[in-house]
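Counting the sequence shown from 1 gives a position; our numbering is that position plus 638. Single-structure report; data block below.
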Amino acid sequence: MELTKSKDATKRLVICGILIALATILGSLSIPVLGAKVAPIQHLINVIAAVTLGPAYGISCAFVSSLLRNILGTGSILAFPGSMVGVFLAAILYKKFKKVEIAVVGEVIGTGIIGALLAYPLAAFVLGKKVALFVYIIPFSISSIVGSIIAYIILKLNTLRSFLLSN
């Protein structure tokens, strides 16, 4: 029994490390969507982490990814609330309903709405930016929707999904 727990913990840690590396390296990539620059990688990683690792490891992946991107100068402090709330809500909903579609909705609501609202005090008080309360909802939501859809497609690929979810 102990060997199985150790093997599972090692596998989760390795997957988390890979997801952190991908988010850190690819996190600043953006694609044009409806005239806006969208950076979907963290949201893609959030959904995959939520489904494959659960809330604790998912939040850890989001936190470390955001921290590394900030240290490297490729991220923003606003990434913390969005990514961490998004992955948490996605993981909790996936744990309850066992549906990737529900995890996607959790990521979009968690990052696009709740995370965007939590970014306001950071922008206003920590960064000293004068912005409207709802200013981050549209850009956070667009990025989250695009990344979550890509993650949904990836997780529906049977080979990858069976590898990530196997014991």
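Quick reminder that beta carbons are idealized off the backbone N, C-alpha and C, glycines included.
Bridge-paired residues (DSSP) for residue i
i: Lys-675; result: Pro-670
Distance CB(residue i)-CB(residue j) smaller than 8 angstroms
i: Ser-721; j: Thr-690; result: no
i: Ile-683; j: Ser-704; result: no
i: Val-773; j: Ala-762; result: no
i: Ile-752; j: Val-723; result: yes
i: Leu-808; j: Pro-719; result: Look at the range of the chain in this structure, 639 to 805, and you will see that residue 808 is not part of it.
i: Ile-780; j: Val-652; result: no
i: Lys-649; j: Val-738; result: no
i: Phe-735; j: Pro-693; result: no
i: Thr-662; j: Leu-706; result: yes
i: Ile-715; j: Asn-708; result: yes
i: Ala-754; j: Ile-775; result: yes
Neighbourhood of residue i by C-beta distance below 8 angstroms, restricted to the same chain and skipping five residues each side
i: Ser-800; result: none
i: Tyr-790; result: Val-685, Val-738, Glu-739 and Val-742
Secondary structure of residue i, DSSP reduced to three states
i: Phe-726; result: helix
i: Leu-771; result: coil
i: Met-639; result: Model confidence at Met-639 stands at a pLDDT of 43, short of 50, so the residue's coordinates are unreliable and nothing is read from them.
i: Lys-737; result: coil
i: Leu-765; result: coil
i: Thr-648; result: helix
i: Gly-713; result: coil
i: Leu-795; result: coil
i: Gly-692; result: coil
i: Gly-665; result: coil
Same chain, Cβ closer than 7 angstroms to residue i, neighbours up to 5 away in sequence not counted
i: Ala-728; result: Asn-684, Val-685, Ala-688, Ala-741, Gly-744, Glu-745 and Gly-748
i: Ser-668; result: Lys-675, Val-676 and Ala-677
i: Ile-788; result: Pro-678 and Leu-682
i: Met-639; result: Confidence is the limiting factor: at Met-639 the pLDDT is only 43, short of 50, which leaves the residue's position unreliable and the question unanswerable from this model.
Neighbourhood of residue i by C-beta distance below 6 angstroms, restricted to the same chain and skipping five residues each side
i: Ser-666; result: Thr-712
i: Lys-767; result: Ala-761
i: Leu-710; result: none
i: Cys-699; result: Cys-654, Leu-657, Ile-658 and Ala-687
i: Ala-717; result: Ser-704
i: Gly-785; result: Pro-678, His-681 and Leu-682
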